[in-house]
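Colleague:
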């Protein structure tokens, strides 16, 4: 895989990733949902030494005893998650912050015990290229 780049919504923080990811998982846990304000969050796990912040400096807050969430203090975009107790030496990157989010396809759903019930059938909802037509 070639280098992958990404960053926050406002562009204040930029990063690059070199090497192969371990996994790209779609997480349904309550903590991820609340942090992102979304029904699930895509996370690409890589070794910590594969990620280099090239512009800016993420803020970090303690989201649980061992969990640390990294985000842009300017626009609020979530970027990274680390947990030295559960995943030493690894960092999760929010896949939606990649410049090309299609670069690494998701391979699994995790924490489905906490998944929102309506997400189980979300793939069956009507779809529109942009917005539904006016009625």
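Residue numbers (my numbering): 102 to 236.
Even glycine gets a Cβ: it sits at the ideal position worked out from N, Cα and C.
Whole angstroms are fine: how far does the CA of residue 209 sit from the CA of residue 237?
Modeller: Any question about residue 237 goes unanswered here, given that the chain covers just 102 to 236.
Colleague: With 16 other CB atoms within 10 Å as the buried threshold, where does residue 136 fall?
Modeller: Residue 136 is buried by the Cβ-count criterion.
Colleague: Can you say whether residue 112 is buried or exposed, counting buried as having 16 or more other CB atoms within 10 angstroms of its CB?
Modeller: Exposed, by the Cβ-count rule.
Colleague: Which whole-angstrom value describes the C-beta separation of residue 155 and residue 215, a residue pair presumed to lie in contact below a C-beta threshold of 8 Å?
Modeller: About 34 Å; that fails the 8 Å criterion.
Colleague: Can you tell me which of the three DSSP states residue 213 falls into?
Modeller: Residue 213 falls in the helix class under three-state DSSP.
Colleague: May I ask you to report which of helix, strand or coil DSSP gives residue 193?
Modeller: In this structure, residue 193 counts as strand in the three-state DSSP scheme.
Colleague: Between 124, 161 and 177, which has its C-alpha nearest residue 171's C-alpha?
Modeller: Ranking the options by Cα distance to residue 171, first place goes to 161.
Colleague: Determine the closest residue to residue 120 out of 191, 141, 143 and 174, with distance taken between C-alpha atoms.
Modeller: The option with the nearest alpha carbon to residue 120 is 191.
Colleague: So residue 106 is in the beta strand (DSSP E); what residue range does that whole segment cover?
Modeller: Counting along the chain, the beta strand (DSSP E) containing residue 106 begins and ends at 105-108.
Colleague: Do residue 130 and residue 212 come within 8 Å of each other at the CB atom, strictly closer than that value?
Modeller: Against a cut-off of 8 Å, the Cβ pair of residue 130 and residue 212 comes out as a contact.
Colleague: Per DSSP, what kind of secondary structure is residue 126 in: helix, strand or coil?
Modeller: Residue 126: strand per DSSP, three-state reduction.
Colleague: Could I get the ranges of all uninterrupted alpha helix (DSSP H) runs contained in the segment 116-177, with 4 residues as the minimum, in chain order?
Modeller: Counting only runs of 4 or more, we get 131-137.
Colleague: Could you tell me the boundaries of the beta strand (DSSP E) in which residue 179 lies?
Modeller: 179-184 is the span of the beta strand (DSSP E), which, as asked, contains residue 179.
Colleague: What residue from 104, 105 and 182 has the CA that sits closest to residue 142's CA?
Modeller: Of the candidates 104, 105 and 182, the one whose C-alpha sits nearest the C-alpha of residue 142 is 182.
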